[in-house]
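*Asks:*
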Amino acid sequence: MDNFNITTEDIMNFVTTFGPKLLAAVATLVIGLWIVKFIVKGATKVLNRSSVDEALVSFLRSLISMLLKVMVYISALGMLGIEMTSFIAVLGAAGLAVGLALQGSLSNFAGGVLILFFKPFKVGDFIERGSESGTVEKIDILHTHLQTSNNQLIIIPNGQLANSPVINYSAKETRRAVFPIGISYNSDVKKAREVILQVLNEDERILQDPAPVVVLTNLGDSSLDLSARAWTKTENFWGFFWDNLEKIKEELDKEGIEMPFPQRDIHVFQEKE
Numbered sequence: 010m011d012n013f014n015i016t017t018e019d020i021m022n023f024v025t026t027f028g029p030k031l032l033a034a035v036a037t038l039v040i041g042l043w044i045v046k047f048i049v050k051g052a053t054k055v056l057n058r059s060s061v062d063e064a065l066v067s068f069l070r071s072l073i074s075m076l077l078k079v080m081v082y083i084s085a086l087g088m089l090g091i092e093m094t095s096f097i098a099v100l101g102a103a104g105l106a107v108g109l110a111l112q113g114s115l116s117n118f119a120g121g122v123l124i125l126f127f128k129p130f131k132v133g134d135f136i137e138r139g140s141e142s143g144t145v146e147k148i149d150i151l152h153t154h155l156q157t158s159n160n161q162l163i164i165i166p167n168g169q170l171a172n173s174p175v176i177n178y179s180a181k182e183t184r185r186a187v188f189p190i191g192i193s194y195n196s197d198v199k200k201a202r203e204v205i206l207q208v209l210n211e212d213e214r215i216l217q218d219p220a221p222v223v224v225l226t227n228l229g230d231s232s233l234d235l236s237a238r239a240w241t242k243t244e245n246f247w248g249f250f251w252d253n254l255e256k257i258k259e260e261l262d263k264e265g266i267e268m269p270f271p272q273r274d275i276h277v278f279q280e281k282e
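Numbering (our numbering), first residue to last: 10 to 282.
Here it is in structure tokens:
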């Protein structure tokens, strides 16, 4: 009976001492998780309004939720009187070790976040980086997938794309097509200009603002180098360029305006005996 009384007394002391801490920890856990849910929901709405890519929204939602929940759990454990300093130190050291081991992947991850958030390019854009170019097929957190004009797949780490110059040919609604054309020195430059402008203006895909121009850019070794410049919508660029380059050649031939090939005049001197 005495043992039973001691046990009961110990239990009462334990409840009296530990009970308030347990209640506080449970309250912290319940209220904290509710607040986390509210914050994550609000952050998701803000990200969706800012037109952030869905892949990035999903990732950031999970990341925010995980970090906030870890903070809630640590706070709840602290309410129970558990010493968290050593635990946090060990967690930080483990995080540092993992970070060093995955340095390249973390660089690509950071690049992916930047690309998905700031959108220097998007799926469907035609981009060029160094010697690599193609249409963006998919943007992952770590890599970007490009489909080349030869239907090849190029997978580029996002860290490289985020830290090097990238040309986005699809970013603007219009592009300027430049036609390099050489005519012989015997040809009439003004006549050639009239013919080229007539060809370009007959194409419905051409834009008149800015107006097309044909300028003499160089007095070459074998030709007068002209540059015809006209604007068109980006989606029409290649068809506009290829069609008119061929038509310009045909019309110049009809008008007798020669497009010469490189040539040299050789003068032979014979010494008198």
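We put the beta carbon where it would ideally sit given N, CA and C, even for glycine.
When you compare only the Cα positions, how much space is there between V175 and G139?
*Replies:* Position 166 of the sequence shown holds residue 175. Position 130 of the sequence shown holds residue 139. Each residue's alpha carbon lies about 8 Å from the other.
*Asks:* Give the secondary structure of S142 by DSSP, where H, G and I count as helix, E and B as strand, and everything else as coil.
*Replies:* Taking the first residue of the sequence shown as position 1, residue 142 is located at position 133. S142: strand per DSSP, three-state reduction.
*Asks:* Quick check: W240 and T183, are their CB atoms within less than 8 Å of each other?
*Replies:* Position 231 of the sequence shown, counted from the start, is the residue given in the question as residue 240. Position 174 of the sequence shown, counted from the start, is the residue given in the question as residue 183. Cβ atoms of W240 and T183: closer than 8 Å.
*Asks:* Of the residues V222, A52, T37, Y194, which one's Cα is nearest the Cα of G229?
*Replies:* Position 220 of the sequence shown, counting from 1, holds the residue named residue 229. Of the candidates V222, A52, T37, Y194, the one whose C-alpha sits nearest the C-alpha of G229 is Y194.
*Asks:* Would the stretch 123 to 133 count as touching the stretch 144 to 153 if we require 3 or more Cβ pairs under 8 Å?
*Replies:* Touching, per the Cβ criterion.
*Asks:* Under the assumption that V289 contacts N57 (Cβ atoms under 8 Å), give the Cβ distance between them as a whole number of angstroms.
*Replies:* Coverage of the chain is limited to positions 10 through 282, which leaves residue 289 absent and any answer about it impossible.
*Asks:* Quick check on F118: does DSSP put it in helix, strand or coil?
*Replies:* To locate residue 118, count along the sequence shown from 1; it is residue 109. Helix at F118.
*Asks:* Tell me whether L209 is buried or exposed, calling it buried when 16 or more other Cβ atoms sit within 10 Å of its Cβ.
*Replies:* By 1-based counting over the sequence shown, the position of residue 209 is 200. That one is buried.
*Asks:* Which of helix, strand or coil does DSSP assign to E211?
*Replies:* Residue 211 sits at position 202 when you count from the first residue of the sequence shown. It is coil, neither helix nor strand.
*Asks:* For G120, collect the residues of the same chain with a Cβ closer than 8 Å to its Cβ; drop the 5 residues on either side in sequence, then sort them by chain order.
*Replies:* Here residue 120 corresponds to residue number 111 of the sequence shown, with the count starting at 1. The residues are P166, N167, G168, Q169, L170, A171, N172.
*Asks:* Spatial neighbours of F270 within its chain, please: C-beta separation below 6 Å, excluding the five flanking residues on both sides.
*Replies:* Translated into the one-based positions of the sequence shown, residue 270 becomes position 261. Once the five neighbours on either side are set aside, F270 has no close Cβ partner at all.
*Asks:* So what does DSSP say about P166, is it helix, strand or coil?
*Replies:* Locating residue 166 in the sequence shown gives position 157, where the first residue counts as 1. Three-state result, P166: strand.
*Asks:* Once the 5 residues before and after D234 are set aside, which same chain residues still bring their CB inside 6 Å of it?
*Replies:* As a first step, residue 234 is located in the sequence shown; it is residue number 225 there, counting from the start. Correct list, in chain order: G191, T226, N227.
*Asks:* Mind reading off the beta-carbon distance from L31 to L89? Whole number of angstroms is fine, and I expect it under 8 Å.
*Replies:* The residue labelled residue 31 in the question sits at position 22 within the sequence shown. The residue labelled residue 89 in the question sits at position 80 within the sequence shown. Yes, they are in contact, since the Cβ atoms of L31 and L89 sit about 7 Å apart, within 8 Å.
*Asks:* On the DSSP bridge list, what partners appear for D234?
*Replies:* The residue you call residue 234 lines up with position 225 of the sequence shown. Its beta-bridge partners are G191, N227.
*Asks:* Might you give, ordered along the chain, the residues of its own chain that have their beta carbon closer than 8 Å to the beta carbon of R70, omitting 5 neighbours on each side?
*Replies:* Translated into the one-based positions of the sequence shown, residue 70 becomes position 61. Answer for R70: V49, A52, T53, L56, listed in chain order.
*Asks:* Determine the direct distance from the alpha carbon of A201 to that of I266, and round the result to whole angstroms.
*Replies:* Locating residue 266 in the sequence shown gives position 257, where the first residue counts as 1. Locating residue 201 in the sequence shown gives position 192, where the first residue counts as 1. Distance between the alpha carbons of I266 and A201: 7 Å.
*Asks:* In whole angstroms, what separates the C-alpha of I83 from that of P129?
*Replies:* Translated into positions along the sequence shown, residue 83 becomes position 74. Translated into positions along the sequence shown, residue 129 becomes position 120. Roughly 39 Å between the two C-alpha positions.
*Asks:* Which residues share a DSSP beta bridge with I83?
*Replies:* Translated into the one-based positions of the sequence shown, residue 83 becomes position 74. According to DSSP, I83 bridges with nothing at all.
*Asks:* Could you check how far apart the C-beta atoms of E141 and I163 are, in whole angstroms? I think they sit under 8 Å.
*Replies:* To locate residue 141, count along the sequence shown from 1; it is residue 132. To locate residue 163, count along the sequence shown from 1; it is residue 154. The Cβ separation is near 5 Å, so the contact holds.
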